[in-house]
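Novice: Taken in sequence, the protein lines are chains A and B. Note that the working numbering numbers the first sequence so that position 60 is 60, with each residue one more than the last. Note that the working numbering numbers the second sequence so that position 49 is 1049, with each residue one more than the last.
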Amino acid sequence: KNQVEQSPQSLIILEGKNCTLQCNYTVSPFSNLRWYKQDTGRGPVSLTIMTFSENTKSNGRYTATLDADTKQSSLHITASQLSDSASYICVVSASNDYKLSFGAGTTVTVRA
Amino acid sequence: GAVVSQHPSRVICKSGTSVKIECRSLDFQATTMFWYRQFPKQSLMLMATSNEGSKATYEQGVEKDKFLINHASLTLSTLTVTSAHPEDSSFYICSARRQGSTGELFFGEGSRLTVL
Chain A
1 KNQVEQSPQS LIILEGKNCT LQCNYTVSPF SNLRWYKQDT GRGPVSLTIM
51 TFSENTKSNG RYTATLDADT KQSSLHITAS QLSDSASYIC VVSASNDYKL
101 SFGAGTTVTV RA
Chain B
1001 GAVVSQHPSR VICKSGTSVK IECRSLDFQA TTMFWYRQFP KQSLMLMATS
1051 NEGSKATYEQ GVEKDKFLIN HASLTLSTLT VTSAHPEDSS FYICSARRQG
1101 STGELFFGEG SRLTVL
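#1: Determine, using beta carbons only, whether G1108(B) comes closer than 7 Å to chain A.
#2: In the DSSP output, what is R1010(B) paired with across the bridge?
#3: Please state the DSSP three-state secondary structure of S83(A).
#4: Helix or strand or just coil, what does DSSP make of D69(A)?
#5: Which residues of the stretch 28–46 of chain A have a Cβ closer than 9 Å to any Cβ of chain B? Give them in chain order.
#6: Taking Cβ to Cβ, would you say D84(A) is nearer than 7 Å to I77(A)?
#7: Can you give me the C-alpha to C-alpha distance between I89(A) and I1012(B), rounded to a whole angstrom?
#8: When Cβ atoms are compared, which residues of the stretch 92–106 of chain A fall closer than 8 Å to chain B?
#9: Does the separation of the CB atoms of L1074(B) and Q1029(B) fall below 7 Å?
#10: Would you mind sorting H1085(B) into buried or exposed? The rule is 16 or more other CB atoms within 10 Å of its CB.
#11: So which residues of chain A does S1043(B) contact, with C-beta pairs closer than 7 Å?
#12: How is E1104(B) classed by DSSP in three states: helix, strand or coil?
#13: I'd like to know if the stretch 1015–1026 of chain B and the stretch 103–111 of chain A are in contact, where contact means that at least 3 CB-CB pairs between them fall below 8 Å.
#14: Does the distance from the CB of G43(A) to the CB of F1107(B) come in under 7 Å?
#15: Which of the three DSSP states is assigned to E1022(B) in this structure?
#16: May I ask you to list, following chain order, the residues of the stretch 1072–1095 of chain B that have a beta carbon less than 9 Å from some beta carbon of chain A?
#17: Going by the DSSP bridge assignment, what does S93(A) pair with across the sheet?
#18: Checking 7 Å against the spacing of the C-beta atoms, do T26(A) and Q3(A) come in under that value?
#19: Could you check whether Y1058(B) and A1048(B) sit closer than 7 Å to each other, using their CB atoms as the reference points?
#20: Return yes when the C-beta of Q1006(B) is under 6 Å from any heavy atom of the ligand MG, and no when it is not.
#21: State buried or exposed for K37(A), treating a residue as buried only when at least 16 other CB atoms are found within 10 Å of its CB.
#22: Taking buried to mean at least 16 other C-beta atoms within 10 Å of its own C-beta, is N32(A) buried or exposed?
#23: Should Q1006(B) be labelled buried (16 or more other beta-carbon atoms within 10 Å of its own) or exposed?
#24: Look at the alpha carbon of C1094(B) and the alpha carbon of R111(A), and state the distance between them as a whole number of angstroms.
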């Protein structure tokens, strides 16, 4: 079973609207959680990286939250733009061996 | 920001030939690099972890004789797909870990392999 579960699998939103992506994990012991954006046919690009002590981190219109107690993270996209259409991947790192666990990603489609 | 470069970005080859993909960290040293494979509409699948100066660690189910990995320097790792077949056609991505407390990870742009 995958140690990182993302939801929804995909979503479609209208330009200008907000959306929230979820990431639940069972990786333990926890080191950090990262959100990446991957455009089709490109490599992933880092959006945020959060450690145990961080609850919220923003990068422009992207805001990530982390609840290490419930092992949940979210990525909120504000005022979506067409360029936000991409796959968003949650990656969790274990502190004992730094091995990375990847979520299956959420595909976001922003329509005009 | 840190940059990881992959080359080539696209390659088409005949069945039975070998293909080499390079992954370079351009402005930092990476003692650890990772190689992934990604099928359409699926997430990245880790193939192997490449450590500078030592043998790569392969994930279960990945044939080490099929996918040869060499990490000869702190800025370069190569993946060679030997005797490629059409089922090896995929998107191959590398990443490099920057040394630090969080071990930030940077991805290359990926290499699209098509085996005819």
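Here a beta-carbon is modelled for each residue, glycine too, at the ideal position from N, C-alpha and C.
Specialist: Quick look at the numbers:
#1: yes
#2: R1112(B)
#3: helix
#4: coil
#5: S31, N32, R34, Y36, Q38, G41, R42, G43, P44, V45, S46
#6: yes
#7: 28 Å
#8: S93, Y98, L100, F102, G103, A104, G105
#9: yes
#10: exposed
#11: I89, F102, G103, A104, G105
#12: coil
#13: no
#14: yes
#15: strand
#16: F1091, I1093, C1094, S1095
#17: N32(A), L100(A)
#18: yes
#19: yes
#20: For the ligand MG, the structure offers nothing, since it holds no ligand at all.
#21: buried
#22: buried
#23: buried
#24: 31 Å
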